[in-house]
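Asks: Counting with the numbering used here, you get residues -11 to 220 for the letters of the sequence shown. Every residue, glycine too, gets a C-beta built ideally from N, C-alpha and C. This one's a predicted model, so the numbers in the text were calculated from it and none came from an experiment.
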Amino acid sequence: MAKRDPVSHTLTCKTDQSVKQVTVSVRDAMVYLVGGAGDQERYYVDGPNHNVDYVRDMVDADIEALEIQKSCTTLPLGYNSFMSEEDLERNVIRKIPSCNTAIYIIGHSLGGWNGAHLSAILTERGFKIKILVTLDPVGHGKIVYGISKIYRQVPKPKAQYWINIRAAAVDWNLSDLVADFGEQWEISEGPNVMGRLDINHADANSMYAHALPGGKSARQIVAESIFKWIKG
-11 MAKRDPVSHT LTCKTDQSVK QVTVSVRDAM VYLVGGAGDQ ERYYVDGPNH
39 NVDYVRDMVD ADIEALEIQK SCTTLPLGYN SFMSEEDLER NVIRKIPSCN
89 TAIYIIGHSL GGWNGAHLSA ILTERGFKIK ILVTLDPVGH GKIVYGISKI
139 YRQVPKPKAQ YWINIRAAAV DWNLSDLVAD FGEQWEISEG PNVMGRLDIN
189 HADANSMYAH ALPGGKSARQ IVAESIFKWI KG
């Protein structure tokens, strides 16, 4: 199987140097929620289980409560839905309103691993990644790489702010066994906030809503950031 390593991409937002009329536009935001194996589609004998859709419900509820839903769009993605240039263009790039759109990436499990790669790819293309949230990212194992469409190299995320959460449940369930098999990405440095929580791997929504060191949850940090960006 050929390696699926990040490749150099043509810049999308930095290449056009022509002089254009400047217009003032309303600030907007795009939130991509990247699911893991069996999340948005069937993964061998499992799924779809839509774990990141529960996180999306939280994001949608927050932007509605803040009355900014007209300026913020949320979109779930499968972890493997942007691996090729064609899929990246169709499923991600074309959904972004402009180069000035603030982008938020929330990835769970394999979606955390590939979502971290996506943050670097979009940054390379000239987009603004405001926050990356990785919820118990998985993908370090050679076996899971062999049977899943993920990047081989360890991600080198690029975001203005990075939150990483490691699920470390005392009482394991099947999802923790699956995550252990795929090998969780053990991160020692890089994130602005890191948390280790007594939560099962599958419970992405619980990880997203749980208070982290510093007192705020990823949910609070993301909602406050989106509101601040849109309201200027």
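In three-state terms, what does DSSP make of G178?
Replies: Of the three classes helix, strand and coil, the one that applies to G178 here is coil, per DSSP.
Asks: Just mark P85 as buried or exposed, buried being the case when its beta carbon has 16 or more other beta carbons within 10 Å.
Replies: Exposed, since its Cβ has fewer than 16 Cβ neighbours within 10 Å.
Asks: Using the C-alpha atoms, what's the distance from M71 back to E29?
Replies: If I take the Cα positions, the gap works out to 15 Å.
Asks: Taking just the CA atoms, how far does T111 sit from E171?
Replies: So the two alpha carbons sit approximately 26 Å from each other.
Asks: Only counting the same chain, and skipping five residues up and downstream in sequence, which positions put a Cβ closer than 8 Å to that of V43?
Replies: Excluding positions up to five away in sequence, the list reads L21, I94, H96, L123, A192, N193, Y196.
Asks: Restricting to Cα atoms, I'd like to know which of H128, K83, G220 is closest to W101.
Replies: The option with the nearest alpha carbon to W101 is H128.
Asks: Would you be able to state if there are at least three C-beta pairs under 8 Å between the stretch 145 to 152 and the stretch 106 to 120?
Replies: Touching, yes, given that three or more Cβ pairs across the two stretches are closer than 8 Å.
Asks: What are the uninterrupted segments assigned as alpha helix (DSSP H) that are 4 or more residues long and contained completely in the stretch 169 to 215, given in chain order?
Replies: For the stretch 169 to 215, whole alpha helix (DSSP H) runs of length 4 or above, ordered along the chain, are 192 to 197.
Asks: Considering Cα atoms alone, identify which of M46, P36, M18, Q57 is closest to N88.
Replies: Among M46, P36, M18, Q57, the Cα nearest to that of N88 is on M18.
Asks: Which one or two residues does DSSP pair with H96 in a beta bridge?
Replies: According to DSSP, H96 bridges with L123.
Asks: Using CA coordinates, which residue listed in V126, E74, T61, G220 is at the minimum distance from D168?
Replies: Closest by alpha carbon: V126.
Asks: Output needed for V158: all residues of its chain with C-beta closer than 7 Å, excluding positions within five of it in sequence on either side, in chain order.
Replies: Closer than 7 Å at the Cβ level, and outside the excluded window around V158, lie D186.
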